[in-house]
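Position in the sequence shown (first residue = 1) + 245 = our numbering.
No residue lacks a Cβ here, since even glycine has one placed at the ideal position from N, Cα and C.
Remember, predicted model here, so these are calculated numbers, not experimental data.
Notes follow the structure.
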Amino acid sequence: MLSQKTRYAIRALQHLADRYRQGPVPLNEIATRQNIPSKFLTVILSELAREGLVATQRGRDGGYWLALAPVDISYGDIVRLTRGSLALTPCASRFAHETCTNCLPESECRLHRVMLRVRDETAKVLDGISLAEPFATEELG
246 MLSQKTRYAI
256 RALQHLADRY
266 RQGPVPLNEI
276 ATRQNIPSKF
286 LTVILSELAR
296 EGLVATQRGR
306 DGGYWLALAP
316 VDISYGDIVR
326 LTRGSLALTP
336 CASRFAHETC
346 TNCLPESECR
356 LHRVMLRVRD
366 ETAKVLDGIS
376 LAEPFATEEL
386 G
């Protein structure tokens, strides 16, 4: 399950993708339009800026914009940055691997092998969809 932070990050980035190359987007616009608490959004956008996905400008005409083209930001990137992994179990994580507690050795664990496959298929799907996808960026209503 995606965390609330990840869902907020995706919605904020989708909003910025809709406004790509239109100049800085004020925080309050993103927060209001995407129904995200401003304080939480500030933290999320700061993290995304440190990771190089978002750029920011302070001041009266300031705001946020995508630092990369929407086509260069995949949903897999966003989930990994905000959640740390696409894996559903710690033993299936590619970059944050941990041995599961109270489990069989990985070489004997059938669940481990299933979760590796789930992780790989999830990565294939999420890494194949960018913010440039029409269904991912078009405004509703």
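Query raised in the report: Run through DSSP, which three-state label would residue 332 get?
Result: coil
**Report entry** Inter-residue Cα distance where the pair is residue 348 and residue 270
**Finding:** Separation of residue 348 and residue 270 (C-alpha to C-alpha, rounded to the nearest whole angstrom) is 48 angstroms.
Report task. Pull up the DSSP beta-bridge partners for residue 270, would you. Result -> 309
Requested in this report: Specify, as a first and last residue, the run of the alpha helix (DSSP H) that residue 367 falls within.
Outcome: Where residue 367 is concerned, the enclosing alpha helix (DSSP H) stretches over 355 to 372.
Query raised in the report: What's the C-alpha gap between residue 379 and residue 331?
Result: 23 angstroms
Query raised in the report: Do the CB positions of residue 311 and residue 265 come within less than 8 angstroms of each other?
Result: yes
Query raised in the report: Would you report the Cα separation of residue 281 and residue 272, rounded to the nearest angstrom?
Result: 10 angstroms
Query raised in the report: Where does residue 314 fall in DSSP's three states?
Result: Coil at residue 314, not helix or strand.
Query - Assigned exposure category for residue 346 - 16 Cβ within 10 Å defines buried - result: exposed
**Report entry** Residue range of the unbroken alpha helix (DSSP H) whose run includes residue 377
**Finding:** Careful: residue 377 lies outside any alpha helix (DSSP H) and carries neither H nor E.
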